[in-house]
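Residue numbers (my numbering), protein chains in the order written: chain Z, 698 to 897; chain Y, 20 to 149.
Below you can see the structure in the form of structure tokens.
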């Protein structure tokens, strides 16, 4: 028997060619946090928790966290936090100070104030990297897929056929020439940076 | 998502997970992290913290399944975690870190990578991404 600690900063489609300037700070943060534990990970803007949380479709932050004691099975969870600096600390207070397990949104924020945990302005959690990531994700969602040809419809796409038109999955500017057969277009694999949490 | 699991030298276990959720999520969306048994679970055998695509982790009850395989099938921590990540969660959606009451550590993932680190009392430590 002996003590052990393991921590993670997220799993995802992390590109193998992640540049050093993005990889090294994360490795340094992991090394640093190995000594301190999960709360410190929340304070690092490189990871998707606390400062550095990804944004909702409204551009806001809604944080959530959970903690559990294996021996007693006592546990605490919180969701919908917008001003609490360390969500995990609030989850621990839910575990230790209430009869409940899970507090969310306004109730959780009110409990945070009641317990005097550190809170700050909502903007504290938002980073420029995540603003850019949200923009990418919204752009990725706006790209429509033509259900007839299974190709990505872009505004400047020229040709389509009746099926696309009927189902409305039609490129906006295209004109339908019913006399002309649609040439078999190779469906190009277009990779759209979708901003999703590829790096966990 | 960030998470941490720990065991002390009396075999007491704890886990904690925290996240901002999914980019561009609908306001009000809740993921696996605060759901006991999905993103976070601990009992007397092991402590688990999961990360990845929340909806997939919830459907597979990843964290609880690792503990259940140890509890009911007698799997080791490594076997249980490898089975859940390899068989129960769709490829490319999940990763986890876990420790057992005996001080074993495992860090499994079916995605391209997972930012992870661990250290044990006997001096072993590891930091890795892929």
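Glycine is no exception: its CB is placed at the ideal position from the N, C-alpha and C atoms.
- Within 9 Å of the CB of residue 759(Z), the CB atoms of chain Y belong to 39, 40, 44, 46, 47, 48 and 49, in sequence order along the chain.
- Cβ-Cβ separation between residue 73(Y) and residue 50(Y): approximately 3 Å, consistent with a contact (criterion under 8 Å).
- Under the 8 Å Cβ criterion, the stretch 775 to 791 of chain Z counts as touching the stretch 744 to 764 of chain Z, having at least three qualifying pairs.
- Residue 819(Z) does not reach chain Y, its nearest Cβ partner there being about 12 Å away, counting only Cβ pairs nearer than 7 Å.
- Within chain Z, the residues whose beta carbon sits less than 8 Å from that of residue 60(Y) are 765, listed in sequence order.
- DSSP places residue 812(Z) in the uninterrupted alpha helix (DSSP H) bounded by 802 to 812.
- Residue 702(Z) counts as buried, since no fewer than 16 other beta carbons sit within 10 angstroms of its beta carbon.
- About 11 Å separates the Cβ atoms of residue 104(Y) and residue 82(Y), ruling out a contact at the 8 Å cut-off.
- Along the stretch 97 to 127 of chain Y, the beta strand (DSSP E) occurs as fully enclosed runs of 3 or more residues at 113 to 119, listed in sequence order.
- Closest in alpha carbon position to residue 787(Z), among 808(Z), 803(Z), 717(Z) and 769(Z), is 808(Z).
- Counting only residues of its own chain and dropping the five nearest sequence neighbours on each side, residue 827(Z) has a CB closer than 6 Å to the CB of 751 and 752.
- Only residues of its own chain outside the window of five on either side were considered, and among them 33 have a CB closer than 6 Å to the CB of residue 25(Y), listed in chain order.
- Per DSSP, residue 729(Z) is one residue of the alpha helix (DSSP H) stretching across 717 to 733.
- DSSP, reduced to helix, strand and coil, places residue 755(Z) outside both helices and strands of the structure shown, so it counts as coil.
- With its beta carbon less than 8 Å from one in chain Y, residue 753(Z) belongs to the interface.
- Secondary structure at residue 27(Y): coil, using DSSP grouped into helix, strand and coil.
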